[in-house]
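Enquirer:
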Ligand code: NOJ
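In our numbering, the protein residues as written are 12 to 507.
(1) Short check: CB of residue 499 to CB of residue 326, under 8 Å?
(2) Is any heavy atom in the ligand NOJ found nearer than 7 Å to the beta carbon of residue 14?
(3) Determine contact between the region 239 to 253 and the region 185 to 204, defined as no fewer than three beta-carbon pairs at a distance below 8 Å.
(4) Under 8 Å: do the region 200 to 216 and the region 113 to 125 share three or more Cβ pairs, one atom per stretch?
(5) Within a Cβ cutoff of 6 Å, which residues of the same chain sit near residue 454, ignoring the five residues on either side of it in sequence?
(6) Would residue 304 pass as a contact of residue 421 if the rule is Cβ separation under 8 Å?
(7) Per DSSP, which residues does residue 60 bridge with? Please list them.
(8) For residue 191, which residues in the same chain have their Cβ closer than 6 Å to its Cβ, ignoring the five residues on either side in sequence?
(9) Taking DSSP's pairing of strands, which residues face residue 13 in a bridge?
(10) With a threshold of 16 other CB atoms inside 10 Å of the CB of residue 214, please say whether the residue is buried or exposed.
(11) Three Cβ pairs or more, each shorter than 8 Å: is that satisfied between the region 36 to 49 and the region 84 to 102?
(12) Within 10 angstroms of its Cβ, does residue 359 collect 16 or more other Cβ (buried), or is it exposed?
(13) Thinking just about the alpha-carbon of each residue, which of 169, 442, 470, 26 is nearest to the one in residue 459?
(14) Is residue 53 closer than 8 Å to residue 17 when the C-beta atoms are compared?
(15) Just grab the DSSP bridge partners of residue 202 for me.
(16) Roughly how many whole angstroms lie between the Cα atoms of residue 128 and residue 237?
(17) Quick check on the contact list: which residues have their beta carbon closer than 5 Å to a heavy atom of the ligand NOJ?
(18) Within 8 Å (strictly less), CB to CB, does residue 378 reach chain C?
(19) Have a look at residue 495 and residue 505 and give me their C-alpha separation to the nearest angstrom.
(20) With distances taken Cα to Cα, identify the nearest neighbour of residue 461 among 472, 438, 452, 415.
(21) Would you give the residue range spanned by the beta strand (DSSP E) that residue 342 belongs to?
(22) Between residue 278 and residue 255, is the Cβ-Cβ spacing less than 8 Å?
(23) Let me confirm a value: residue 145 is counted as buried when at least 16 other C-beta atoms fall within 10 Å, else exposed. Which label applies?
(24) What is the residue span of the beta strand (DSSP E) that residue 163 lies within?
(25) So for residue 154, helix, strand or coil by DSSP?
(26) For residue 142, which residues of its own chain have a beta-carbon under 7 Å away from its beta-carbon, when the five flanking residues on both sides are left out?
(27) So for residue 477, helix, strand or coil by DSSP?
(28) When you compare the CB positions of residue 202 and residue 103, do they come within less than 8 Å of one another, or not?
(29) Excluding the 5 residues preceding and the 5 following residue 42 in the sequence, name in chain order all residues of the same chain whose CB lies nearer than 7 Å to its CB.
(30) DSSP three-state label for residue 185, please.
(31) Taking the straight line between their C-alpha atoms, what separation do you get for residue 100 and residue 200?
(32) From 470, 110, 148, pick the residue whose C-alpha is nearest to that of residue 341; which is it?
(33) Between residue 314 and the rest of its own chain, which residues show a CB-CB distance below 6 Å, the 5 nearest in sequence each way excluded?
(34) Could you give the first and the last residue of the continuous alpha helix (DSSP H) run that contains residue 237?
(35) Mind reading off the beta-carbon distance from residue 171 to residue 62? Whole number of angstroms is fine, and I expect it under 8 Å.
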């Protein structure tokens with residue numbers, strides 16, 4: 012299981028109200044106690060923070076707000092000592108507009124870095140070169156540069172100009188940034204919007220019926236696969252296991268599967284379908300079947316996502332229900348594949364409302380980024396500085412130290428499930444089988460030929476007789492007995 016840390020929100024040790032690397036290092040024992048196998052750190056590189064680190068101005072250093080290279084090495088050594096892998100968040104589609112490459116590109120059309128970005132003259136009507144729309148707005152994905160009278164492409168904010176991956180110099184410079192961290196010992200990368208790096212050389216319009224959408228989920232190009240094979244060969248040239256998991260943000264799961272190539276592109280691609288699926292049993296049965304389906308890509312390993320730093324927290328999405336959040340945890344952690352868990356989900360945190368004066372993210376994603384409460388009393392284990400966002404609702408009751416001592420807490424439930432994953436190899440290697448079940452129940456088995464486990468999940472509020480038989484290994488509400496599954500509950504059974 013990979014645990015995603017949003018460093019700003021994890022734990023502040025430097026005393027500025029913003030989480031940092033020292034805070035992460037301090038909590039490594041918590042992560043091993045929980046049952047984490049590896050961590051993914053959202054971007055920690057120098058950045059003007061227009062998109063909180065996803066606008067990188069130097070790929071080979073640490074932003075002072077998070078610490079420095081020494082603090083990073085210290086973190087990584089601590090993680091490796093405990094057997095935890097470390098993944099960095101690599102942002103290849105765009106740099107910050109403050110990156111020296113873009114500053115040089117902007118200064119002169121003759122600068123060699125001009126070609127690092129995508130520049131075009133105005134369309135005939137004087138407007139942007141095509142109809143692409145940028146994320147989080149209905150605005151063009153282009154900004155006009157007065158000095159050169161050309162537009163530059165940015166699929167996100169104007170402060171995040173898209174790199175021109177068709178340029179061999181860009182590909183070589185970006186591969187070097189991977190080498191920098193691989194040489195330092197990182198185990199791999201989460202690759203941000205990786206499907207975006209290849210662009211249609213003609214920069215044709217998006218289809219008119221989709222033109223209201225951002226261009227991001229529409230960009231699916233053969234060039235990207237070529238670039239991914241190059242990147243994979245960089246990873247493969249290193250000793251030990253080095254991996255890449257890609258954020259392939261396309262709408263069709265079959266398209267996403269293509270980004271594993273023939274085992275020569277990404278090792279893992281996030282499956283975002285669970286994140287977007289409403290809480291209805293019939294939909295979740297489909298999601299689980301698709302999660303398990305390799306679409307003919309032999310050896311493909313699934314990677315479920317229920318949460319990240321871009322979306323409201325799961326508990327918020329299921330109406331605040333503690334029971335549903337526990338059922339979701341059982342699905343995430345026990346279905347086939349490598350689960351990615353976003354920090355704070357194990358505490359059952361919710362977004363809550365933020366006053367308009369407290370909102371700071373250009374994409375409206377502050378709710379899921381509120382700081383992790385470690386202890387019940389304010390400042391919840393953080394420094395006394397005002398945190399960059401307010402603590403989430405119920406911070407006192409949901410703090411780590413409170414839940415850790417309570418066997419009935421959400422945190423204890425997550426840990427129980429993660430310990431089961433460790434003790435029952437069938438939950439990792441076993442095949443997946445969707446079981447016949449009452450309409451409002453989702454049930455699946457994991458079976459490795461030696462052990463058969465069944466996971467039964469009630470999507471309704473009422474108890475349902477499922478004629479359950481076997482030894483109960485875990486139950487989110489205590490064992491209701493008599494083959495009955497309590498409302499909003501999940502149960503794990505070992506078959507004789
Ligand atoms: C996806 C990241 O998850 C998101 O946080 C970011 O804003 C965009 N990519 C742009 O880098």
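Note that the Cβ used here is the ideal one computed from N, Cα and C, for glycine as well.
Expert: Well, looking at it:
(1) By one-based count along the chain shown, residue 499 stands at place 488. By one-based count along the chain shown, residue 326 stands at place 315. At the C-beta level, residue 499 and residue 326 stay beyond 8 Å of one another.
(2) Position 3 of the chain shown, counted from the first residue, corresponds to residue 14. Outside the cutoff, so no.
(3) The region 239 to 253 is in contact with the region 185 to 204.
(4) Counting Cβ pairs under 8 Å, fewer than three are found: no touch.
(5) In the chain shown, residue 454 corresponds to position 443, counting from 1. Excluding sequence neighbours, residue 454 sits near 446, 448, 467.
(6) As a working note, residue 304 is residue 293 in the chain shown. As a working note, residue 421 is residue 410 in the chain shown. It is not a contact, given that the beta carbons lie outside the stated cut-off.
(7) Taking the chain shown and counting its residues from 1, the one referred to as residue 60 is at position 49. Bridge partners of residue 60: none, in fact.
(8) Stepping through the chain shown from its first residue, residue 191 is reached at position 180. Closer than 6 Å at Cβ, skipping near neighbours: 71.
(9) For the purposes of this step, residue 13 is taken as the residue at position 2 of the chain shown. Listed as beta-bridge partners of residue 13 by DSSP are 49, 351.
(10) As a first step, residue 214 must be located in the chain shown, where it is residue number 203. It is exposed - the Cβ of residue 214 has fewer than 16 other Cβ atoms within 10 Å.
(11) Touching, yes, given that three or more Cβ pairs across the two stretches are closer than 8 Å.
(12) Taking the first residue of the chain shown as position 1, residue 359 is located at position 348. By the 16-neighbour rule on beta-carbons within 10 angstroms, residue 359 is buried.
(13) Within the chain shown, residue 459 is the residue found at index 448, counting from 1. Comparing Cα-Cα distances from residue 459 to each of 169, 442, 470, 26, the minimum goes to 442.
(14) Position 6 of the chain shown, counted from the start, is the residue given in the question as residue 17. Position 42 of the chain shown, counted from the start, is the residue given in the question as residue 53. The Cβ atoms of residue 17 and residue 53 lie closer than 8 Å to each other.
(15) Residue mapping note: residue 202 aligns to position 191 of the chain shown, counting from 1. Within the DSSP secondary-structure output, residue 202 pairs in a beta bridge with 101, 257.
(16) As a working note, residue 128 is residue 117 in the chain shown. As a working note, residue 237 is residue 226 in the chain shown. Rounded to whole angstroms, residue 128 and residue 237 show a C-alpha spacing of 19 Å.
(17) Matched residues: 62, 65, 167, 203, 204, 321.
(18) Here there is only one protein chain, and chain C is not present.
(19) The residue labelled residue 495 in the question sits at position 484 within the chain shown. The residue labelled residue 505 in the question sits at position 494 within the chain shown. Residue 495 and residue 505: Cα-Cα distance of roughly 16 Å.
(20) Within the chain shown, numbered from 1, the residue matching residue 461 stands at position 450. Ranked by Cα distance from residue 461, the options 472, 438, 452, 415 are led by 438.
(21) If you number the chain shown from 1, residue 342 lands on position 331. Boundaries around residue 342 are those of the alpha helix (DSSP H), 333 to 345, since no beta strand (DSSP E) includes it.
(22) To locate residue 278, count along the chain shown from 1; it is residue 267. To locate residue 255, count along the chain shown from 1; it is residue 244. For residue 278 and residue 255, yes; Cβs fall inside 8 Å.
(23) The count along the chain shown starts at 1 and reaches residue 145 at position 134. Classification for residue 145: buried.
(24) Taking the chain shown and counting its residues from 1, one reaches residue 163 at position 152. According to the DSSP assignment, residue 163 belongs to the beta strand (DSSP E) that extends over 161 to 164.
(25) For the purposes of this step, residue 154 is identified with residue 143 of the chain shown, where counting begins at 1. For residue 154, the secondary structure class from DSSP, reduced to helix, strand or coil, is strand.
(26) For this step, residue 142 is matched to residue 131 along the chain shown. Result list for residue 142: 216, 217, 222, in chain order.
(27) Taking the first residue of the chain shown as 1, we reach residue 477 at position 466. Coil, per DSSP.
(28) Numbered from its first residue, the chain shown carries residue 202 at position 191. Numbered from its first residue, the chain shown carries residue 103 at position 92. The criterion of a C-beta distance shorter than 8 Å is satisfied by residue 202 and residue 103.
(29) Counting from one through the chain shown, the residue named residue 42 turns up at place 31. Excluding positions up to five away in sequence, the list reads 14, 50, 95.
(30) Your numbering for residue 185 matches position 174 in the chain shown. If DSSP states are grouped into helix, strand and coil, residue 185 belongs with the helices.
(31) In the chain shown, counting from the first residue as 1, residue 100 sits at position 89. In the chain shown, counting from the first residue as 1, residue 200 sits at position 189. When rounded, the separation of the alpha-carbon atoms in residue 100 and residue 200 is 6 Å.
(32) For the purposes of this step, residue 341 is taken as residue 330 along the chain shown, with counting starting at 1. That would be 470, whose Cα lies nearest to the Cα of residue 341.
(33) Reading the chain shown from its first residue, position 303 is the one you call residue 314. Spatial neighbours of residue 314 in its own chain (CB-CB distance under 6 Å, excluding positions within 5 residues in sequence) are listed in chain order as 279, 281, 282, 348, 349.
(34) As a position in the chain shown, residue 237 is number 226, starting the count at 1. Its alpha helix (DSSP H) spans residues 233 to 247.
(35) The sequence position of residue 171 within the chain shown is 160, counting from 1. The sequence position of residue 62 within the chain shown is 51, counting from 1. Confirmed, about 6 Å.
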